[in-house]
Amino acid sequence: FLPGTDYEFLLEGQKEGWDETIYGLDAYAAGKARLFGRTHDVMVGFNAQQLDSGSIGGYYPDMIPGSPGVLQVSHAFDHDPTTVPEPTADQWVEGWGASDWTVRQFGVYAGGRFSLADPLHVFLGGRGTSWRYESDDADMEKSAFTPYAAATYDFSSWGTAYVSYSRIFQPTDWALDADLQPLDPVVGNGYEVGVKGSFFNDMLTASLTLFRLEQENLPVVVIGREDVKP
Numbered sequence: 064f065l066p067g068t069d070y071e072f073l074l075e076g077q078k079e080g081w082d083e084t085i086y087g088l089d090a091y092a093a094g095k096a097r098l099f100g101r102t103h104d105v106m107v108g109f110n111a112q113q114l115d116s117g118s119i120g121g122y123y124p125d126m127i128p129g130s131p132g133v134l135q136v137s138h139a140f141d142h143d144p145t146t147v148p149e150p151t152a153d154q155w156v157e158g159w160g161a162s163d164w165t166v167r168q169f170g171v172y173a174g175g176r177f178s179l180a181d182p183l184h185v186f187l188g189g190r191g192t193s194w195r196y197e198s199d200d201a202d203m204e205k206s207a208f209t210p211y212a213a214a215t216y217d218f219s220s221w222g223t224a225y226v227s228y229s230r231i232f233q234p235t236d237w238a239l240d241a242d243l244q245p246l247d248p249v250v251g252n253g254y255e256v257g258v259k260g261s262f263f264n265d266m267l268t269a270s271l272t273l274f275r276l277e278q279e280n281l282p283v284v285v286i287g288r289e290d291v292k293p
């Protein structure tokens, strides 16, 4: 930018308001059980969540009334952006209007830590999930069972090796397609294997982990544009 030179900038204003309320409940019971002469930890539970959301938004193409979205700036370093008048309420153009939606999710889960031997422990569990999305434009319901399994082995007084597997079910409440329909939940698998240790009276800890994550239906943000012809 050169002093004393006039520049033109194309401006477009945009605003959006959100209103969101979340209700949640989680209840569980945990305890110990004796089986095959050994003591194990077990847990069962239930949780629920409801999300009520709403948004309204629009845009204003001309930041200065009477001009086609062009702001005259005589000196970029001395320009005060607060001098640009804020559009009045009737000057905003509704770009996507108002929308409201509700998301409900219920789950029942159970798990346990089973001691097979003094150095060997197995973790088994799972969760049954029911998910529903409701709005003026869409109504989708999905359910899934996601198991989890892991094992740890204390190969010495300072080190433990472990391996685990988990199933993925992750609804994407925020992601919609071009027709304002919710996308399918993200599903997949997670694998992990590693070793961890503690040294010098727990003053130093170290771990080495190898993991693999497989996901399907992962949302990708797509910015719409007009077709460009060669």
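Read left to right, the sequence shown gives residues 64 to 293 (our numbering). Even glycine gets a Cβ: it sits at the ideal position worked out from N, Cα and C.
- When secondary structure is reduced to three states using DSSP, T223 falls in the strand class.
- Q113 is the residue among T209, G260 and Q113 whose C-alpha sits nearest the C-alpha of D236.
- Bounds of the beta strand (DSSP E) holding A269 are L267 to E279.
- G257 places its beta carbon less than 7 Å from that of L271.
- Here T145 carries a helix assignment [DSSP, helix/strand/coil].
- According to the DSSP assignment, V256 belongs to the beta strand (DSSP E) that extends over V249 to F262.
- Assignment of P182 by DSSP, reduced to helix, strand and coil, places it in the coil class.
- In the structure shown, D115 adopts extended strand secondary structure according to DSSP, grouped into three states.
- In the structure shown, Q168 falls within a strand segment according to DSSP collapsed to helix, strand and coil.
- The C-beta separation of L276 from G251 comes to about 7 Å, placing the pair in contact by the 8 Å criterion.
- Within the DSSP bridge table, the entry for L187 names G175 and A212 as partners.
- By the criterion of a C-beta distance shorter than 7 Å, S198 is surrounded in its chain by S162, D163 and W164, once the five residues flanking it on both sides are discounted.
- Exclusion of the five residues before and after A212 leaves L187 and Y228 as the residues of its chain whose Cβ lies within less than 6 Å of its Cβ.
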